[in-house]
Structure formats: C-alpha cells, structure tokens
Amino acid sequence: MNSFPTESEGNTDDAFRAGFIAVVGRPNVGKSTLLNRIMDTKLAAVSPRPQTTHVRMLGVLNREAYQAAFLDTPGYIGRARDEMDRRMSQEGARALEEADVAVLVVEPRTPGDVERYFAEDLVRRGIPAIVAINKVDSVAKEALLPVIEAYSRLDAFVEIVPISALRSDGIGLLMELVVKRLPEAGPMFPPDQITDRSERFRVIEMVREKLFRLFYQELPYATAVTIDEWVDESTNHGGKTHIAIRIHPEKDSQRLILLGKGGLALKEVGVQARGDIETLLGKQIFLELWVKARPQWRRDPAFLRQLGMAD
Ligand SMILES: Nc1nc2c(ncn2[C@@H]2O[C@H](COP(=O)(O)OP(=O)(O)OP(=O)(O)O)[C@@H](O)[C@H]2O)c(=O)[nH]1
Ligand SMILES: [Mg+2]
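Right under this line is the structure:
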C-alpha cells in the first residue's frame with residue numbers, strides 16, 4: 012500500500028470537514044433532545060409540549076477531523092396565526108438556507124403531510140437530507156420496517172437511520188453519516204465555542220423549559236421570559252450571582268396559574284431552574300422570579316426581537 016498519496020490525489024478521507032447541519036421536523040419529535048445528546052450537554056430546552064423551541068439554537072461539535080455546526084430549529088408550523096408563528100417558521104427556513112446537510116427528525120410512524128412537505132422542500136433545495144427516525148425505543152422492531160420502507164419510497168433522502176435520542180441509540184451512526192457529507196473546509200468557529208447564544212439566553216431557555224414542563228396543560232404558547240437584572244457576586248446576596256427574571260403570560264388570568272396557591276407553583280419553577288442555571292454557570296445563584304402579564308406580546312415586533320427572534 013502506498014502510504015504517500017500524491018499531492019494531486021490528496022487523501023480526501025483525512026481532510027478536515029466543517030459545515031452546518033439543519034435539524035428540522037414537526038414539533039415535539041425530539042430535535043432538541045437530539046442536539047443535546049450530540050453535544051453531550053444541555054443546550055436546548057426540551058419538553059413534552061410542541062413548540063418548545065422558538066428560536067434556532069446552534070451547537071458546535073469539535074472533533075479532530077471535523078467541526079459540525081448543528082442548528083436546532085422550531086418545529087414546523089403550517090399556518091402562522093401571528094407574528095410569533097411567522098418568525099418561528101422563518102427560523103427553520105433560514106437554517107435550511109445555510110445548511111450543508113439536513114437531518115429530518117421524525118416519529119416512528121409512516122410519513123405524514125409535514126414529512127412529505129420537507130421531503131419535497133429538501134429535494135428542491137438540493138440539500139443532502141438524512142431521515143432520523145427517532146423514539147425507536149417506544150415501538151416494536153417489527154413496526155419500524157414499514158416506516159423505513161415508506162421513507163425510502165419518498166426517494167428524497169440519502170440515508171434513513173433509526174435512533175433514540177433519549178436512550179442514545181444510533182447517534183454514532185447518524186454522526187458518521189452526517190460528517191461524511193460535510194464539505195472539506197476549515198473550522199468556522201473557534202474550538203472553545205459551542206454555541207452562538209449568550210449565557211443570558213441559555214438561562215432564559217432553562218426557565219422557559221420548566222414553564223413548559225410544569226404547566227404542560229394550563230399555559231398556551233404565550234409565556235415569554237426576560238431577564239430584569241443580573242448582578243455578579245452580589246453583596247446583597249452573600250456573594251452569589253443575583254438574577255431577577257420576569258415571566259410574561261399574555262393574560263392576567265394566567266398570572267394566577269403561574270403563581271399557584273400561595274406562590275407554590277412559581278416556587279417550583281425557581282427550584283428546578285436554579286439547578287440547571289447553576290450547572291450552566293458553574294456557580295451559585297440567587298434566583299428571583301416575577302410574573303407580569305403582557306397582553307398581545309406575540310404580535311409585538313420589538314418585544315419578539317428582544318426575545319431573540321429575528322425580523
Ligand atoms: N421515547 C422517546 N421520547 C423522546 C425521544 N426523544 C425525545 N423524546 C421526547 O419527546 C418530547 C419532545 O422532545 P423535544 O426534544 O423537546 O422535541 P422538539 O422536536 O425539539 O420539539 P419542538 O421544539 O417543540 O419542536 C420530550 O418529551 C422528549 O423527552 C426518544 O428518543 N424516545
Ligand atoms: Mg425543540
């Protein structure tokens with residue numbers, strides 16, 4: 012074997028690869044769970060409610076041979092009801108515009124209208140697309156075969172991979188198939204950068220996640236979270252970082268739900284969020300939560316911009 016490839020042939024297997032991978036699909040299929048699993052860290056909010064992700068989240072995985080920049084996106088929204096929906100849809104479309112590879116995450120079910128829409132859209136865009144059939148832990152093996160067949164009949168995907176983001180099954184194979192389709196290119200981000208989102212943004216996401224999880228039934232998709240105050244090493248709080256957060260439901264009646272009897276519901280949000288935020292920041296915090304209704308915020312462009320949702 013000639014171990015010295017000529018310059019003109021090169022050794023393409025050894026070439027460094029780098030690119031963007033858009034993670035798309037209908038709401039609640041496990042896109043954010045997959046991102047967190049790939050990154051082996053809690054980057055994106057995950058909840059059993061659809062439309063947990065409202066803006067895209069970048070996760071950059073650095074390895075010796077590649078840099079894979081994943082873009083987790085909000086779940087597909089068919090018809091936008093308001094400005095917030097419109098911007099959420101746009102987040103997904105923009106991720107696809109930048110993507111070198113797409114991963115369509117789906118339930119272990121035969122394709123529905125949304126999956127067919129993506130299949131056509133990805134072919135039209137000419138992006139190599141991989142279907143990740145997620146949640147295979149929740150179905151019998153026999154049930155999977157017809158699903159795989161149905162996806163291959165769509166004739167739109169370069170690979171079909173069964174995975175469980177929750178149990179970490181099939182993730183290594185998925186990564187292999189993604190990476191080999193990334194372009195040969197130098198790194199796009201410095202090696203220590205894992206996301207383009209600020210610490211503040213990630214703190215907000217942790218609080219939003221708890222709201223989505225704890226108020227699964229009660230709250231419609233209308234609760235925004237902002238940071239009112241952030242003081243590092245606050246002398247008023249024993250040297251802890253003081254973070255004051257404001258939760259904005261759309262209606263005053265929802266404010267009472269969020270507070271709960273004797274403020275207990277809100278307290279639970281605080282307890283759970285504080286744990287995640289302390290892990291994220293690597294230090295103790297004093298977390299304060301406030302609730303104030305903000306009518307019609309889903310239609311307020313300036314406020315949506317403040318939440319990180321581009322025009
Ligand atoms: N059984 C099972 N459940 C999973 C798996 N992956 C994700 N889930 C669950 O599916 C639900 C939705 O997960 P998310 O990661 O928030 O889904 P998403 O696609 O990001 O949802 P949106 O942001 O709302 O579009 C959560 O309850 C997850 O725990 C899996 O592999 N198996
Ligand atoms: Mg998500």
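In this note's numbering, the protein residues as written are 12 to 322. Cβ coordinates follow ideal geometry from the N, Cα and C atoms, glycine included.
query                                                                                                                    : result
Cut-off 6 Å between Cβ atoms - residues of its own chain near D93, not counting five sequence neighbours on either side  : R309, R310
DSSP-derived helix/strand/coil call for M320                                                                             : coil
Cut-off 6 Å between Cβ atoms - residues of its own chain near T237, not counting five sequence neighbours on either side : R257
Cβ-heavy atom distance, A80 to ligand 2, below 7 Å                                                                       : no
Candidates E126, L54, A313: closest to L82 by CA position                                                                : L54
Closer than 7 Å: D148 CB and nearest ligand 1 heavy atom                                                                 : yes
Residue from F200, A151, E210, E216 whose Cα sits closest to the Cα of T64                                               : E216
Contact belief for Q265 with L230 at Cβ below 8 Å, rounded distance in angstroms                                         : 6 Å
Straight-line gap, A106 to G249 (C-alpha atoms, nearest Å)                                                               : 43 Å
Continuous alpha helix (DSSP H) stretch holding D263: start and end                                                      : 263-270
Three-state secondary structure (DSSP) of S175                                                                           : strand
Buried or exposed (CB count within 10 angstroms, at least 16 for buried), M199                                           : exposed
Proximal residues to L46 (C-beta, below 7 Å), its chain only, five neighbours per side dropped                           : V34, L54, A55, M68, G70, F81, D83
Start and end residues, beta strand (DSSP E) containing P260                                                             : 252-260
Closest residue to I141 among S149, L300, D166, L156 (Cα-Cα distance)                                                    : D166
Exposure of T206, with buried meaning 16 or more beta-carbon neighbours within 10 Å                                      : buried
For D180, the residue or residues it bridges with in DSSP                                                                : S175
DSSP bridge partner residues for R28 (one or two, in chain order)                                                        : Y77, E195
Continuous beta strand (DSSP E) stretch holding T237: start and end                                                      : 234-242
Straight-line Cα distance separating L270 from T52                                                                       : 30 Å
Beta-carbon proximity of I268 to R285, cut-off 8 Å                                                                       : no
A104 - containing alpha helix (DSSP H), residue span                                                                     : 94-109
S14 - DSSP class collapsed to helix/strand/coil                                                                          : In this prediction, S14 scores a pLDDT of 45, lower than 50, which makes its location untrustworthy; the coordinate-derived value is nonetheless stated afterwards. Note: S14 maps to coil in three-state DSSP.
Endpoints, beta strand (DSSP E) assigned at E299                                                                         : 296-302
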